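Shown next, in structure tokens, is the structure this report addresses.
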């Protein structure tokens, strides 16, 4: 029993090492707690604040200069020498513009500016989007453009829309062949046009194309029909109208039966699901008395 050693028995060398380690740890704690820490000088914060203010001030100045140099829309009739320099115009180009304006003439288009100043195409391409002409100039341009696009022809000069062939429509108006084919196909479907407004029913025909077609053609030989009395027509008679199907014809008959005679075509809009978009063409086939 005397030979049994304790598990907690420590050799002398280990005891010395542990004691030395404890002294080092204790010394480190004291050093951390009592060693004076460096403190930032108050003056450094002041200097940093001043520096930041200077940077912010320089940023504001740079932004203002950038905005001042930024080109905005302008009337090309009133370009100063400084403005011309900013735009990149040469002195000769500016002189041509000034001389032209002294004669009492005005720049009313980009082409006018090009013709007068003889500016290069590359520079014109950059500055032309900034040109801002008066409203009356823009209105005149639109009016002239429409007059050119839709030439005014007399009734005698126009062709008959009910007799025009696909080729004639395509060549005269310069519309795609499939549009010309749709016009003739729809015309044949309804048995001939009664009025020019029926072009609105041609699928895929844009408004500008319709106006262009009607500047060359018009209905000279309208389809002869006997108008139906909407208030007395039967369902079978109503479905003969190109714009009514069987269900719509039934709805119309039921509405008249329940509400009495219709005195205005717009009253059809009271029928559920009925659209008045084609009322002007529907009225071509009907009467109310």
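Residue numbers (the numbering used here): 56 to 344.
Glycine is no exception: its CB is placed at the ideal position from the N, C-alpha and C atoms.
Please read these numbers as outputs of a predicted model, since none were measured by experiment.
Indicate the three-state DSSP secondary structure (helix, strand or coil) for residue i in the structure shown.
i, result
"residue 276", "coil"
"residue 217", "coil"
"residue 342", "strand"
"residue 122", "Unreliable positioning characterises residue 122 in this predicted model, as indicated by a pLDDT of 49, which lies under 50. The coordinate reading is nonetheless provided below. Three-state result, residue 122: helix."
"residue 85", "helix"
"residue 129", "strand"
"residue 283", "strand"
"residue 104", "helix"
"residue 155", "helix"
"residue 212", "coil"
"residue 310", "helix"
"residue 228", "helix"
"residue 73", "helix"
"residue 146", "helix"
"residue 297", "coil"
"residue 112", "helix"
"residue 238", "helix"
Alpha carbon to alpha carbon, how far is residue i from residue j?
i, j, result
"residue 284", "residue 189", "54 Å"
"residue 253", "residue 342", "18 Å"
"residue 335", "residue 315", "22 Å"
"residue 236", "residue 292", "29 Å"
"residue 227", "residue 279", "27 Å"
"residue 276", "residue 233", "24 Å"
"residue 104", "residue 161", "56 Å"
"residue 131", "residue 141", "13 Å"
"residue 215", "residue 340", "21 Å"
"residue 308", "residue 260", "33 Å"
"residue 80", "residue 73", "11 Å"
"residue 323", "residue 211", "37 Å"
"residue 286", "residue 244", "26 Å"
"residue 54", "residue 71", "Absent from the model: residue 54. The displayed extent of the chain is 56 to 344, so no value can be given."
"residue 246", "residue 290", "20 Å"
"residue 156", "residue 149", "11 Å"
"residue 88", "residue 82", "10 Å"
"residue 267", "residue 179", "32 Å"
"residue 107", "residue 152", "48 Å"
"residue 135", "residue 262", "44 Å"
"residue 296", "residue 312", "20 Å"
"residue 224", "residue 230", "7 Å"
"residue 304", "residue 282", "16 Å"
"residue 328", "residue 300", "13 Å"
Can the beta-carbon of residue i be found closer than 8 Å to that of residue j?
i, j, result
"residue 272", "residue 222", "no"
"residue 174", "residue 218", "no"
"residue 269", "residue 256", "no"
"residue 302", "residue 326", "no"
"residue 337", "residue 298", "yes"
"residue 187", "residue 129", "yes"
"residue 331", "residue 344", "no"
Please list the terminal residues of the continuous alpha helix (DSSP H) segment that includes residue i.
i, result
"residue 183", "Residue 183 -> no alpha helix (DSSP H), and no H or E assigned at all."
"residue 292", "290 to 293"
"residue 166", "165 to 172"
"residue 322", "Taken as a continuous stretch (DSSP letters only), residue 322 belongs to no alpha helix (DSSP H), as it is neither H nor E."
"residue 264", "262 to 269"
"residue 253", "Premise fails: residue 253 is in no alpha helix (DSSP H) and is neither H nor E."
"residue 315", "No alpha helix (DSSP H) contains residue 315, which DSSP labels as neither H nor E."
"residue 140", "136 to 142"
"residue 334", "334 to 337"
Is there a C-beta anywhere in chain B that falls below 8 Å from the one on residue i?
i, result
"residue 264", "Chain labels in this structure do not include chain B; a single protein chain is all it has."
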